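Colleague: Under this note's numbering, the first residue of the sequence shown carries the number 737, and numbering increases by one thereafter.
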Amino acid sequence: MFGANLTIFHPTVFILLGILGLENYHTWLSIPFCLMYITAVLGNGALILVVLHEHTLHEPMYIFLSMLAGTDILLSTTTVPKALAIFWFHAGEIAFDACITQMFFIHVAFVAESGILLAMAFDRYVAICTPLRYTAVLTPIAIVKMTLAIWGRSTGTIFPIIFLLKRLPYCRTNIIPHSYCEHIGVARLACADITVNIWYGLSVPMASVLVDVALIGISYSLTL
Numbered sequence: 737m738f739g740a741n742l743t744i745f746h747p748t749v750f751i752l753l754g755i756l757g758l759e760n761y762h763t764w765l766s767i768p769f770c771l772m773y774i775t776a777v778l779g780n781g782a783l784i785l786v787v788l789h790e791h792t793l794h795e796p797m798y799i800f801l802s803m804l805a806g807t808d809i810l811l812s813t814t815t816v817p818k819a820l821a822i823f824w825f826h827a828g829e830i831a832f833d834a835c836i837t838q839m840f841f842i843h844v845a846f847v848a849e850s851g852i853l854l855a856m857a858f859d860r861y862v863a864i865c866t867p868l869r870y871t872a873v874l875t876p877i878a879i880v881k882m883t884l885a886i887w888g889r890s891t892g893t894i895f896p897i898i899f900l901l902k903r904l905p906y907c908r909t910n911i912i913p914h915s916y917c918e919h920i921g922v923a924r925l926a927c928a929d930i931t932v933n934i935w936y937g938l939s940v941p942m943a944s945v946l947v948d949v950a951l952i953g954i955s956y957s958l959t960l
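1. Name the DSSP beta bridge partners of residue 750, please?
2. Could you give the DSSP three-state label for residue 809: helix, strand or coil?
3. Could you please give me the residues that DSSP links to residue 912 through a beta bridge?
4. Keeping to the same chain, check which residues put their C-beta closer than 7 angstroms to that of residue 756; ignore five residues upstream and five downstream.
5. Where do the ends of the alpha helix (DSSP H) carrying residue 928 lie?
6. Which word fits residue 826, buried or exposed, when buried means at least 16 other C-beta atoms lie within 10 angstroms of its C-beta?
7. Within the stretch 849-893, note down every full beta strand (DSSP E) run reaching 3 residues or more, in order along the chain.
8. Apart from the five residues just before and just after residue 769, which ones in its own chain have a Cβ nearer than 8 angstroms to its Cβ?
9. Grouping DSSP H, G and I as helix and E and B as strand, with all else coil, what is residue 773?
10. Work out the CA separation of residue 945 and residue 836 for me, nearest whole Å.
11. Do the stretch 836-856 and the stretch 762-776 make contact, defined as three or more Cβ pairs closer than 8 angstroms?
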């Protein structure tokens, strides 16, 4: 009976407040946010188009660079438009499922970016340390496998968080003191034990990123 009653506590909407303490400056803050978003989308979009249309750039380094640009577009598009809506129109309401979806893509993009940077570091290591084997190691099939591994790992790492959040009853406030939804910020609104959320949310994704950072450091140190 208790477990069945938990589902009724999912709020219809959450309220995003924007940047706490700077509410009076939201309109001014929207200007750099808007300019940075436009620059990020146009700049990264142009980079992707150039790589796609210029056959001489169909090399692993540029492919990974365009993947990083695409991930940056995903991350900025997931967060900035909603922040601008809050700054300009005080449109802080976000549906529960939309909040979970935003959280998912933010964290997936974050983990994927570190994976792409690791792939770029590996590309440079092979190109500098074993140049004669470069084309044999970084074949098109190898690049496809690396791409699938990057996105498969990031999606697989973050996907359980959806269920960790949906299992919780939310009977406190529905106000999120941020301009976007993130895992721990949403979990703290629950009126249940969130130990599993904290443990998983902090340890598993961060462990993946820290491993990537360590391997990137090793890779670049070997090329010096």
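Cβ atoms here follow ideal geometry from the backbone N, Cα and C, with glycine treated the same way.
As the structure is a computational prediction, the values presented were derived from the model and not from experiment.
Modeller: Looking at the coordinates:
1. If you number the sequence shown from 1, residue 750 lands on position 14. DSSP output for residue 750 lists 830 as bridge partner(s).
2. Looking up residue 809 in the sequence shown gives position 73. Helix, per DSSP.
3. Residue numbering aside, residue 912 sits at position 176 when the sequence shown is read from its first letter. According to DSSP, residue 912 bridges with 752.
4. Here residue 756 refers to the residue found at position 20 when the sequence shown is read from its first residue. These residues qualify, in order along the chain: 913.
5. Position 192 of the sequence shown, counted from the start, is the residue given in the question as residue 928. Counting along the chain, residue 928 falls outside any alpha helix (DSSP H), and DSSP gives it neither H nor E.
6. As a first step, residue 826 is located in the sequence shown; it is residue number 90 there, counting from the start. A residue is called buried when at least 16 other Cβ atoms come within 10 angstroms of its Cβ; residue 826 does not meet this threshold and is exposed.
7. For the stretch 849-893, there is no continuous beta strand (DSSP E) assignment of 3+ residues that stays within its boundaries.
8. Walking along the sequence shown from the start, residue 769 turns up at place 33. Around residue 769: 816, 819, 820, 823.
9. Taking the sequence shown and counting its residues from 1, one reaches residue 773 at position 37. DSSP places residue 773 in helix when its eight states are reduced to three.
10. As a working mapping, residue 836 is identified with position 100 in the sequence shown. As a working mapping, residue 945 is identified with position 209 in the sequence shown. Spanning the two alpha carbons is a distance of roughly 21 angstroms.
11. The stretch 836-856, when compared against the stretch 762-776, does not touch it at the 8 angstroms Cβ threshold.
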